[in-house]
Each structure stands twice: as C-alpha cells, then as structure tokens.
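One structure below.
Protein chains: 4
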Amino acid sequence: MRDGLQGASISAICAEAGISPGHLYHYFNSKDEIVEAMAEGYLEYVREHFAKMAACGSVVSAIDAEFQRAMERSNSGSHGLLFDMIAEAGRSEKVAATLERNTRAICQLLVELIRKGQRNGEIRADLDPAIVATAIIGVIDAIKMVARRDRKVDLRAVIAMIGAMIKRFIVAE
Amino acid sequence: MRDGLQGASISAICAEAGISPGHLYHYFNSKDEIVEAMAEGYLEYVREHFAKMAACGSVVSAIDAEFQRAMERSNSGSHGLLFDMIAEAGRSEKVAATLERNTRAICQLLVELIRKGQRNGEIRADLDPAIVATAIIGVIDAIKMVARRDRKVDLRAVIAMIGAMIKRFIVAE
Amino acid sequence: MRDGLQGASISAICAEAGISPGHLYHYFNSKDEIVEAMAEGYLEYVREHFAKMAACGSVVSAIDAEFQRAMERSNSGSHGLLFDMIAEAGRSEKVAATLERNTRAICQLLVELIRKGQRNGEIRADLDPAIVATAIIGVIDAIKMVARRDRKVDLRAVIAMIGAMIKRFIVAE
Amino acid sequence: MRDGLQGASISAICAEAGISPGHLYHYFNSKDEIVEAMAEGYLEYVREHFAKMAACGSVVSAIDAEFQRAMERSNSGSHGLLFDMIAEAGRSEKVAATLERNTRAICQLLVELIRKGQRNGEIRADLDPAIVATAIIGVIDAIKMVARRDRKVDLRAVIAMIGAMIKRFIVAE
DNA sequence: GATGAATGAGATTTCATTCAT
DNA sequence: TATGAATGAAATCTCATTCAT
C-alpha cells in the first residue's frame, strides 16, 4: 500500500514481511500473483465491510456510513490500492476482471437494500435499483477522488452536500 | 498513455518519439520531469477545454457537456492518464501538487459560472459555490470511474440519473 | 535424462522421485554426488550389458549387436546421458575419472574378446588388441553421434558401411 | 568454451568480454541468442576450415589433415563446444537444427571430394558418396570422443589404425 | 542539436542446501 | 526416515542515465 500495486519491489515486500525472496516464491509463483492476491484481498475486505454495513440498516444509513469512512480514511493517504487498481485495470485484463467481479458483488448488495427500501416506501418506487446502486458507488468513489484532487478541501461540507443531493433524489416524499 | 505514467520506459518513449535517449535528456532532466510534464500537459488541456465549455453557457449546460464527453471517451479506454495521475499523486508530491493546482483552477472556473447562475436566479442562492463546484468535479470523475469499474454498465442511464440528481438539487425552483 | 545431467534441478528430481528435498540429502551429500551416481549407474549398466554381449560370442558379433542397439536407441533421442557425460567430463574431474574408469573396463572386455579371436585365427594376429578395442568403442560412439548430427540420415546404410569397413580390416583372410 | 555453452554465466561472459551486462544486451536479446551465436560461430569456423582443407586435395589427404587436427586439439581439452552442442541438441530444437544444417554443409563438401576421387579412380566407384561422407564425419568425431573417454590413450596409434581402416576400405585397388 | 554505446544498480526469479520438527 | 519451510547467493534481464563524438 505504501509503494503501489506494482511499485513495491520483491525485496521491499520481503523486508516488510520478514522473509527471504526465495521463500516468498514458496507462496506465490510470480509478482503478478502477489498483485492479484493483494487486489483480491483488498476488494474482498471492501465487500465484506460493505456487507456488514448493509446487513443492519437502510440505503440511506449505509451511504452515510460509507461517506464517513471515506472521509476518515482520506487523511491517511489511504485508498491507494483502489486508485492503483483503477489505473491498472486499464492495462491488465486480470485486474480489470477482478475489479469488475467485485463491483458487481457490491452493486448487488446495494440493489437488494434499495429494493427493500422501495418496498417499505422509503425509496422512490420509480427508480431503477441497478442504476441507483451504480450511481451511489460512483459517488462514494467521487468522495475519495475529491480528497485526492485537493488535500485541503473541506471534505465534510462536500460530503454533506452530496449526501443531501442523493437523499433529496431517492427518498420518497 | 499506453503503458502508464511510470510504466513507460525511456527507450519506449524514445522509440515512439523517434529520438535517441541522449537527446531526450536534452529536453528533460529526468524521467520524473517527463511524468510531470505529461501530467501538466494533460491537465492544461483539460483546463482549457473546460474553460471553453464554461465560456459560453450555464453551469447546467457545462455539466451536460462534460458528462457527454466522459461517456464518449470511456469506451476507448481513455482517461488512463487521469487515473494514473490520481494513483501517482499518492506517491509523488510533485504530481499531487500539479493535480491540486489544476483542480483548483477548474474549480474556480466553475465557481464563477455558479455565481453567475445564482445572480440570474438559475441556481439556488443558498448554496456555497465552492462546495458545489467541488462536488460537480467529483461527480464527473465518478462517471469515469463507474465506466472503469464495470465496462458493461449502462453508462447512459447512470449519467441521466446523476444529471437529474444534480439539477434537482442545484436548480432554483 | 529429460533435462540433462546438470539441467535437472533438485526440486525437479524430488518431484520425479516423490520425495522431499530434505530427504534427498539423506541419500546424497550434494547435487554433484547425484550426477556422479547417475554417471556411475549409467556406465555400470553399459558395462554389464557389454559384458553379457561379449560373454557369448566373437568380436564381430559383439560389434554387430552394439551397432544394432545404437541404431534402435537413436530414434528415441536416447544416448542423452552419454553425451551429457562426455560434455561434463570436460569440466568435472570426477565425471572424467568415472568415464575413464568405465571406458577402460569395457576396453578390457573387448581386448579379451579380440585376443580370443586372434588365438582361434578369426582376427588378424598382427593388430594390437588394445588399439583395436579403443577404435571399436570410438566407432560405436560415432554411430550415435552421426544420428544426432543429422536426424534424417540413413543410419542403417552408414552402419552397414562402417561395419564392413571394420570387418574387412580386422578379420583374418 | 571454458564453462560450456550454457554453463557460462552472463556476468562471467561480461567479465571476460570487459563489458557491462547492460551493454551485452545491446548486442544480444537473451542468453539463448548468445548460445546460438556461439554455436553458429563455432560451426561456421569448422565448416570454413574444412572447406579450405578440401579445396586443395583429395579425400584421403583431407581425412589425414582432420585426424591430425583432432589429435592436436584433443590435448587442450578443446572440442568442448562440439560436445556441448551434441548434448544440447538433444534438448534444444534450435541447436539441433543449427548442428544439422552445418553437418549437411560439411557432408556436401566431402561428397564432392569423394565424387572427384571416384571420377579419377582414386576411390572405389561402387560406394555411395553420401554414406561414405557421413561415415567419415562420424569417424572424425570418434577420434575426439576416444580422446575424452580416456585421456591417456595412445591417440596416435588409434588414429593410424582408423586411418588405415578407412583407406583400405575406400581406396580403389 | 543529436547520436547511441556504455554503465551499473536493481528488478524478478531460481536453486542448492539447511534445519527444526 | 522423512518433511517442507526457509535461506541467500546468484542467475538473467531491464532501465534510467551519462558522455564522447
């Protein structure tokens, strides 16, 4: 995470892990496999976290929680792995596929949450759940990007506005 | 753009440019300078394009135009440079600074457009122009990320929804 | 035999043998010892085979039998170990010594056969048995090399000619 | 030649050549290309040498000259490249093809020499020139192998005998 | 302005060997 | 006997950079 997906050298990884290069290849057959595993691991974590978030609540509260999390993490220069993957996806079919698989899994979780909201009248019934879900994921990413584009931005205010924007749009009157 | 900001080797760049490595160093003092110049060049282009867009119109039409452009470009696997820069900004202070400078310039253009809209009653007057501008930039990025996260997504529908969301929020009644 | 004397890695050998590297070192102290043992084993086999051949017959029939064998084996890309050893002998004193020891043993068998032939008038009496034996071994090797140098050669015809050549020279009139 | 075709490490080659590893790859794209070039170079040299030998003389004198050369070189542990190639040809299709191409070229030179000998009555007319040529090449190799198999052998006597054997067979009465 | 030979550090990967269990 | 995790040196190869011309 410090040096980027491809930026980390084998010897740096070994130093960090406290093992020898020879032994690293006992676990992975190539550096690419490590990159893949990191990508997969990161996304798995994101998905699980999101599942937990979604388990106990509504779309609206899930969004709020994710926004909160995106903001807290943005200071520590985190999200690096995500941006590396987005960038790498443009070159590596494998990373692209991994990213895609995961995006759809998260999207599906959101879709179900939205459907539930529509059934109990919380969410406007005339919206396509899949499109709303995709838009929400995009907007959560957008928060992270805003934080990267300008590190001094008033992220709290931006999040508040974007949150209000989404809620005004999707919440049924 | 083919190999990524750091992924391009000097010799590959030289082959593409049709010059010798020795001569390349006549123009640039290091590979980092090339990366910087590419970043600067790209962002300069984006800024100019945005300025033109903004010159003749309202916030609403500028957003629509940018959305349109984001969608058209998404198919060709473009935006690569942008994502490389976002990723690189996490590691290189220089790239981060370049990105920041440019983001603010674009933001400023948007702020002026928004202020104009507020003066003539098109945009809600109670919104902070800087925050709105930042949010809009973030949302434009979000469109690009959505296209990368899932290459088979119905981008047109997502854009339509996000566009509607923004307009419902910022347009004065 | 698949990868060459030195070309086989310890782990490949272990995989083939179905044992662990740790256990391999229970039997051998180093890879060189394995190479040596393979060389020794192969040459032992060759020597025994030759002894059997020589036991029941004359020089002439022994040569014919060896030529036949060289030809049959040449198709299957065999003789690999022999050529590896000849090549390795140029670098490893141990392999060179092993090869030498064995060559002399085979040579001795042939010498006795030749002497017997000379006693019963089959072989010209004016020939030095040691030189004839060495030449015969060389010529048997030559057949194998011919097959390697050109895989499409008419080996049967070459063998017939070389056989005739030897017989015309050593058989007493 | 000291360490064998594959046995020579890149850094050893660089040390010997007095250049840096980086620069070595300016001339060759891979170690395999170096091996190939060495093989090709060696065989080219052999072929040229043989052509010269053949240019001015008869088959018989060419054979004598080659035998002489094989003997002189055998002391210096030379012929290493040849044996490496023969061994490697069993594993590398490329080396096998290179060896084959060259063997045929040398064979062709010999065939012409033999035909000339047959025309002027020096060589028996009932022999197939191609087979004789192949057998002669094999026998020249045999001399080299004999010298490797037993470094203390009386090579001069063996050569004398094999030479006599060939001449008695191919020379017309 | 322009070349391209040359460098040398560093990248990934392999492999013979050891050792605690 | 037997395992297999672990090592670390060395192998091949890449690449940003320099410099004489």
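Residue numbers (the working numbering), protein chains in the order written: chain V, 1 to 173; chain R, 1 to 173; chain A, 1 to 173; chain Z, 1 to 173. All C-beta atoms in this analysis are idealised placements derived from N, C-alpha and C, irrespective of residue type, glycine included. Since the structure is predicted, the reported quantities are computational estimates derived from the model, not experimental observations.
task: Starting from A:K52, trace the alpha helix (DSSP H) both ways and give me its first and last residue.
output: Residue mapping note: residue 52 of chain A aligns to position 52 of the third sequence, counting from 1. 31-55 is the span of the alpha helix (DSSP H), which, as asked, contains A:K52.
Chain A residues whose Cβ lies nearer than 8 Å to that of Z:L65: Translated into the one-based positions of the fourth sequence, residue 65 of chain Z becomes position 65. Note on residue identity: the sequence assigns Ala, not Leu, to residue 65 of chain Z. In chain order: nothing, as chain A lies at least about 18 Å away.
field: the region 93-106 of chain Z: positions lying closer than 8 Å to chain A by Cβ
entry: Those residues of the region 93-106 of chain Z that come within reach of chain A (Cβ to Cβ, closer than 8 Å) are A96, L99, E100, T103, R104.
query: At a cut of 8 Å, does the region 105-118 of chain Z reach the region 128-140 of chain Z through at least three beta carbon pairs?
result: yes
query: Along the region 127-141 of chain A, what residues have a CB closer than 9 Å to any CB found in chain Z?
result: L127, D128, A130, I131, V132, T134, A135, I137, G138, V139, I140, D141
- request: Mind listing the chain A neighbours of Z:G80? Cutoff is C-beta to C-beta under 7 Å, in chain order.
  value: In the fourth sequence, residue 80 of chain Z corresponds to position 80, counting from 1. Correct list: G90.
query: Is A:I123 helix, strand or coil when you go by DSSP?
result: By one-based count along the third sequence, residue 123 of chain A stands at place 123. A:I123: strand per DSSP, three-state reduction.
field: Rounded C-alpha distance that separates A:G57 from A:H49
entry: Locating residue 57 of chain A in the third sequence gives position 57, where the first residue counts as 1. Locating residue 49 of chain A in the third sequence gives position 49, where the first residue counts as 1. Straight-line Cα distance between these residues: approximately 14 Å.
query: Taking 7 Å as the cut-off, is the CB of A:L82 close to at least one heavy atom of the ligand COA?
result: In terms of ligand content, the structure shown is empty, and the ligand COA therefore cannot be addressed.
task: Indicate whether A:T174 and A:E40 have their beta-carbon atoms separated by less than 8 Å.
output: Any question about residue 174 of chain A goes unanswered here, given that chain A covers just 1 to 173.
query: How about A:G163: is its C-beta nearer than 8 Å to some C-beta of chain Z?
result: The residue labelled residue 163 of chain A in the question sits at position 163 within the third sequence. A:G163 does not count as touching chain Z.
Distance CB(A:E72)-CB(A:M53) smaller than 8 Å: As a first step, residue 72 of chain A is located in the third sequence; it is residue number 72 there, counting from the start. As a first step, residue 53 of chain A is located in the third sequence; it is residue number 53 there, counting from the start. No, these two residues do not count as a Cβ contact at 8 Å.
- prompt: Which bits of chain V does R:M38 rub up against, with CB to CB less than 9 Å?
  reply: By one-based count along the second sequence, residue 38 of chain R stands at place 38. Correct list: empty, because the minimum Cβ distance to chain V is about 14 Å.
Residue from V:G22, V:D3, V:R124 whose Cα sits closest to the Cα of V:I166: By 1-based counting over the first sequence, the position of residue 166 of chain V is 166. Selected option, being the one with the closest Cα: V:R124.
- prompt: Does R:V158 have its Cβ less than 8 Å from a Cβ in chain V?
  reply: Residue mapping note: residue 158 of chain R aligns to position 158 of the second sequence, counting from 1. Yes, R:V158 lies at the interface with chain V (some Cβ there is under 8 Å from its Cβ).
message: In whole angstroms, give me the CA-to-CA distance for R:A62 and R:I140.
response: Locating residue 62 of chain R in the second sequence gives position 62, counting from the first residue. Locating residue 140 of chain R in the second sequence gives position 140, counting from the first residue. Rounded to the nearest whole angstrom, the CA to CA distance from R:A62 to R:I140 is 11 Å.
query: So which residues of chain Z does A:D84 contact, with C-beta pairs closer than 7 Å?
result: Locating residue 84 of chain A in the third sequence gives position 84, counting from the first residue. Here the neighbours are A87.
Backbone CA spacing between Z:A51 and Z:V59 [nearest angstrom]: On the fourth sequence, residue 51 of chain Z is found 51 positions in, with the first residue counted as 1. On the fourth sequence, residue 59 of chain Z is found 59 positions in, with the first residue counted as 1. Cα-Cα distance, rounded: 12 Å.
Closest Cα partner of A:A70 within the set A:C14, A:V46, A:F28: Reading the third sequence from its first residue, position 70 is the one you call residue 70 of chain A. Measuring from the Cα of A:A70, the nearest candidate turns out to be A:V46.
message: According to DSSP, is A:V60 part of a helix, a strand, or is it coil?
response: Position 60 of the third sequence, counted from the first residue, corresponds to residue 60 of chain A. In this structure, A:V60 counts as helix in the three-state DSSP scheme.
Nonlocal neighbours in the same chain, by C-beta distance under 6 Å from Z:V35, ignoring five residues either side: Here residue 35 of chain Z refers to the residue found at position 35 when the fourth sequence is read from its first residue. So the list reads L5, once near-sequence residues are dropped.
message: Using 8 Å for Cβ pairs, my map puts V:K152 next to V:H79. What's the rounded Cβ distance?
response: Taking the first residue of the first sequence as 1, we reach residue 152 of chain V at position 152. Taking the first residue of the first sequence as 1, we reach residue 79 of chain V at position 79. Rounded to the nearest angstrom, the Cβ distance from V:K152 to V:H79 is 17 Å, too far for a contact under 8 Å.
task: Report, in whole angstroms, the separation of the C-beta atoms of A:A147 and A:L155, which I expect to be a contact under 8 Å.
output: Your numbering for residue 147 of chain A matches position 147 in the third sequence. Your numbering for residue 155 of chain A matches position 155 in the third sequence. Right, their Cβ atoms sit about 6 Å apart.
query: Within 8 Å (strictly less), CB to CB, does R:D150 reach chain V?
result: The sequence position of residue 150 of chain R within the second sequence is 150, counting from 1. Under the Cβ criterion of 8 Å, R:D150 is counted among the residues facing chain V.
message: Need the endpoints of the alpha helix (DSSP H) that Z:F83 sits in, please.
response: As a position in the fourth sequence, residue 83 of chain Z is number 83, starting the count at 1. From DSSP, the alpha helix (DSSP H) with Z:F83 extends over 80-89.
- prompt: Between A:D84 and Z:A87, is the Cβ-Cβ spacing less than 8 Å?
  reply: Here the question's residue 84 of chain A lines up with position 84 in the third sequence. Here the question's residue 87 of chain Z lines up with position 87 in the fourth sequence. At the C-beta level, A:D84 and Z:A87 come within 8 Å of one another.
- prompt: Relative to the C-alpha of A:I162, which residue among Z:D150, Z:A160, Z:A142 is closest?
  reply: By 1-based counting over the third sequence, the position of residue 162 of chain A is 162. The residue with the shortest Cα to Cα distance from A:I162 is Z:A142.
- request: Just the C-alpha distance for R:A105 and R:N120, rounded to the nearest angstrom, thanks.
  value: Counting from one through the second sequence, the residue named residue 105 of chain R turns up at place 105. Counting from one through the second sequence, the residue named residue 120 of chain R turns up at place 120. Roughly 23 Å separates the two Cα atoms.
- request: Would you list the one or two residues that DSSP bridges to V:V171?
  value: Your numbering for residue 171 of chain V matches position 171 in the first sequence. BP columns for V:V171 point to V:I123.
- request: Buried or exposed for A:S11, please, with buried defined as at least 16 other CB atoms from any protein chain shown within 10 angstroms of its CB.
  value: In the third sequence, counting from the first residue as 1, residue 11 of chain A sits at position 11. With fewer than 16 other Cβ atoms within 10 Å, it is exposed.
- prompt: Quick one: does A:F169 have its CB under 8 Å from some CB of chain Z?
  reply: Start at 1 with the first residue of the third sequence, and residue 169 of chain A comes out as number 169. Yes, A:F169 lies at the interface with chain Z (some Cβ there is under 8 Å from its Cβ).
Coil, strand or helix - Z:I10 by DSSP: Reading the fourth sequence from its first residue, position 10 is the one you call residue 10 of chain Z. Helix at Z:I10.
query: Does DSSP put V:F28 in a helix, a strand or coil?
result: Residue 28 of chain V sits at position 28 when you count from the first residue of the first sequence. V:F28: coil per DSSP, three-state reduction.
- request: Thinking Z:M38 and Z:L81 are a contact (beta carbons under 8 Å), I'd like their distance in whole angstroms, please.
  value: Along the fourth sequence, one-based indexing puts residue 38 of chain Z at 38. Along the fourth sequence, one-based indexing puts residue 81 of chain Z at 81. Confirmed, Cβ separation roughly 7 Å.
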